[in-house]
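Here the structure is laid out as structure tokens; the discussion comes afterwards.
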């Protein structure tokens, strides 16, 4: 990642980040493709706005909102990496601007603000609780997990007790 230039304009930086091989490892190939599609939709909307045309706001909203949702899910896992934080900041900057110039959707605005606070390390106590809840949900799936070796050990101990 050191080859990635940190001082690029937001759209160019986001493209460079998503084209870097490490991004597949960090965010997963499926998420990478979804974010690439959302970034292209953001770019199309920005170009329409610059030409004073009306972009396909509802379609753009859905794609952009899915990209923000993905980032909300993975930002708690990839913390304190300046390249990823800059990507999140730049992506939310672009998404927020498109949102405010098209549909003005409150959910998209709130997700952008939430992600911006995480990326700039200025999260509130509520943001921290949201992060803990996300981690708790992931870990709750492991609550009742018993490795097969433990089950085998239980059976072995019962057999020994019977003898």
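Residue numbers (the numbering used here): 78 to 240. We treat Cβ as the ideally placed atom computed from N, Cα and C, and that holds for glycine.
Indicate the three-state DSSP secondary structure (helix, strand or coil) for residue 152 in the structure shown.
coil
The alpha helix (DSSP H) that contains residue 114, what's its start and end?
106 to 127
Determine, using beta carbons only, whether residue 112 and residue 95 come nearer to each other than 8 Å.
It is a contact, given that the beta carbons lie within the stated cut-off.
For residue 104 and residue 148, what's the separation of their Cα atoms in angstroms?
9 Å
So, at 8 Å on beta carbons, what are the nonlocal neighbours of residue 212 in its own chain, with the 5 sequence-adjacent residues on each side left out?
153
Roughly how many angstroms lie between the CA atoms of residue 98 and residue 221, to the nearest whole one?
36 Å
Note down, in chain order, each residue of its chain lying with its Cβ closer than 7 Å to the Cβ of residue 175, except the 5 sequence neighbours on either side.
Around residue 175: 119, 122, 123, 137, 141.
Can you tell me whether residue 89 is buried or exposed? The criterion is at least 16 other CB atoms within 10 Å of its CB, across all chains shown.
exposed
Between the Cα of residue 162 and the Cα atoms of 200, 143, 125, 130, which residue gives the shortest distance?
200
How big is the Cα-Cα spacing for residue 191 and residue 233?
One C-alpha to the other measures close to 51 Å.
Anyone know if the C-beta pair for residue 151 and residue 108 falls short of 8 Å?
In contact: residue 151 and residue 108 (Cβ atoms closer than 8 Å).
Using the beta-carbon count (16 or more within 10 Å), is residue 183 buried or exposed?
exposed
If you scan the stretch 150 to 211 from start to end, which runs of the alpha helix (DSSP H) of 4 or more residues do you find wholly inside it?
Runs of the alpha helix (DSSP H) lying entirely within the stretch 150 to 211, each at least 4 residues long, are 159 to 178, 183 to 196 in chain order.
Given a cut-off of 8 Å, decide if residue 186 and residue 173 are closer than it, judged by their beta-carbon atoms.
With contacts defined by Cβ atoms closer than 8 Å, residue 173 and residue 186 form a contacting pair.
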